[in-house]
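Each residue of the sequence shown is one higher than the last, beginning at 4 in my numbering. Built from N, CA and C at the ideal position, the CB exists for glycine as well. Keep in mind the model is a prediction, meaning the values are calculated, not measured.
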Amino acid sequence: MDNTAQNQVVTWARNHVPERVYILLVLFAVGVVTGVGAFVLKWLVITVNHLLTRHLLPALPDFTLILIPVAGLLITVAYMRYVIRQDITHGSDLVRRRLVEGQFDLRPSLIVSPLIASSITLGFGGSAGGEGPIATTGAAIGSNFARWAGLSQQQLRVIICCGAGAGIAGIFKAPVGGVFYTIEVLALSRIHI
Numbered sequence: 004m005d006n007t008a009q010n011q012v013v014t015w016a017r018n019h020v021p022e023r024v025y026i027l028l029v030l031f032a033v034g035v036v037t038g039v040g041a042f043v044l045k046w047l048v049i050t051v052n053h054l055l056t057r058h059l060l061p062a063l064p065d066f067t068l069i070l071i072p073v074a075g076l077l078i079t080v081a082y083m084r085y086v087i088r089q090d091i092t093h094g095s096d097l098v099r100r101r102l103v104e105g106q107f108d109l110r111p112s113l114i115v116s117p118l119i120a121s122s123i124t125l126g127f128g129g130s131a132g133g134e135g136p137i138a139t140t141g142a143a144i145g146s147n148f149a150r151w152a153g154l155s156q157q158q159l160r161v162i163i164c165c166g167a168g169a170g171i172a173g174i175f176k177a178p179v180g181g182v183f184y185t186i187e188v189l190a191l192s193r194i195h196i
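Below, the structure written as structure tokens:
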């Protein structure tokens with residue numbers, strides 16, 4: 004959708020939909036898309052792991068179980084350094100730092116790149132978690148949806164936090180955990196709306 008059509012949609016929605024309902028609709032869309040992202044992350048990890056370990060015999064010792072995580076680490080580092088050319092490690096710290104610095108425009112590439120890197124790392128058996136990447140993905144989804152919807156900076160900040168919390172809720176299947184993550188880790192309670 005080009006900018007003219009986007010502006011017309013946003014203008015129509017602003018004139019015909021109450022502001023609170025409009026924000027709730029944006030939040031609903033962010034939550035649904037982030038939930039789908041959490042599902043995709045889990046599916047990718049399981050699929051990559053299955054593809055790498057389906058030939059192994061459980062009764063016999065196999066030294067490829069040592070080599071597979073190392074290969075995953077090397078592939079992930081190469082992906083981050085040469086393909087996406089950005090540091091996406093420590094997802095929660097990245098989101099929190101951006102919020103503190105007032106940088107609310109998370110690039111659209113942050114929606115997909117953490118999912119791919121995490122799928123490789125976790126699928127190859129690396130010792131990491133899915134919470135950082137899905138929090139970054141949710142925050143990027145929130146940022147991009149809120150900017151597209153023409154929301155203010157304060158609303159954008161809240162939707163970024165809610166997107167990250169939706170990611171945590173989706174990956175752990177714990178909605179209350181997503182709420183506590185948003186309040187405690189991202190310090191939403193200290194943000195003045």
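Can you tell me where the alpha helix (DSSP H) with residue i in it begins and where it stops?
| i | result |
| --- | --- |
| His53 | Glu22 to Thr56 |
| Leu178 | Note that residue 178 corresponds to Pro in the displayed sequence, not to Leu. Here the alpha helix (DSSP H) through Pro178 covers Pro178 to Phe183. |
Starting from the C-beta of residue i, find all residues in its chain whose C-beta is less than 7 Å away, skip the five residues before and the five after it, and write them out in chain order.
| i | result |
| --- | --- |
| Ser122 | Leu44, Leu47, Val48 and Val51 |
| His195 | Only weak support is given to the placement of His195: the predicted model assigns it a pLDDT of 49, under 50, and the value that follows is read from those uncertain coordinates. Hits under 7 Å: none found. |
| Glu134 | Ile171 and Ile174 |
| Asp65 | Leu59 |
Counting only the same chain and skipping the five closest in sequence on each side, list residues whose C-beta sits under 8 Å from that of residue i.
| i | result |
| --- | --- |
| Val29 | Phe148, Ala149, Ala152, Leu154 and Ile162 |
| Arg17 | Tyr25 and Gly153 |
| Leu118 | Gly40, Val43, Leu44, Leu47, Pro136, Ile137 and Thr140 |
Are residue i and residue j close, meaning C-beta to C-beta below 7 Å?
| i | j | result |
| --- | --- | --- |
| Gly3 | Ala167 | Residue 3 falls outside the range modelled here, since the chain spans only 4 to 196, and no answer is possible. |
| Gly170 | Ala138 | yes |
| Gly38 | Gly180 | no |
| Leu189 | Cys164 | yes |
Using DSSP with H/G/I as helix, E/B as strand and the rest coil, what is residue i?
| i | result |
| --- | --- |
| Asp65 | coil |
| Leu154 | coil |
| Pro72 | helix |
| Leu109 | coil |
| Arg88 | coil |
| Ala172 | helix |
| Leu205 | Since the first and last residues shown for the chain are 4 and 196, residue 205 lies out of range. |
| Gly145 | helix |
| Gly135 | helix |
Between the alpha carbons of residue i and residue j, how many angstroms are there, rounded?
| i | j | result |
| --- | --- | --- |
| Thr67 | Gly34 | 39 Å |
| Leu27 | Asp108 | 20 Å |
| Gly128 | Ala41 | 18 Å |
| Gly75 | Ile69 | 11 Å |
| Ala32 | Gln106 | 22 Å |
| Ile184 | Gln158 | The residue asked about is misnamed: residue 184 is Tyr in this sequence, not Ile. Going by the C-alpha atoms only, they are around 18 Å apart. |
| Arg23 | Ser146 | 18 Å |
| Ala177 | Pro136 | 17 Å |
| Ser130 | Val73 | 11 Å |
| Leu102 | Ile87 | 22 Å |
| Gly126 | Pro111 | 24 Å |
| Val20 | Val13 | 10 Å |
| Leu55 | Gln89 | 27 Å |
| Leu97 | Thr79 | 18 Å |
| Val182 | Val115 | 23 Å |
| Leu77 | Arg160 | 35 Å |
| Arg84 | Val36 | 27 Å |
| Ile71 | Ala62 | 18 Å |
Residues in the same chain with beta-carbon distance under 6 Å from residue i, minus the five sequence neighbours each way, listed in chain order, please.
| i | result |
| --- | --- |
| Asn10 | none |
| Ala81 | none |
| Thr124 | Gly75, Thr79 and Ala131 |
| Thr7 | none |
Give a yes or no on whether the minimum CB-CB distance between residue i and chain C is below 7 Å.
| i | result |
| --- | --- |
| Val86 | No chain C is part of this structure, which consists of one protein chain only. |
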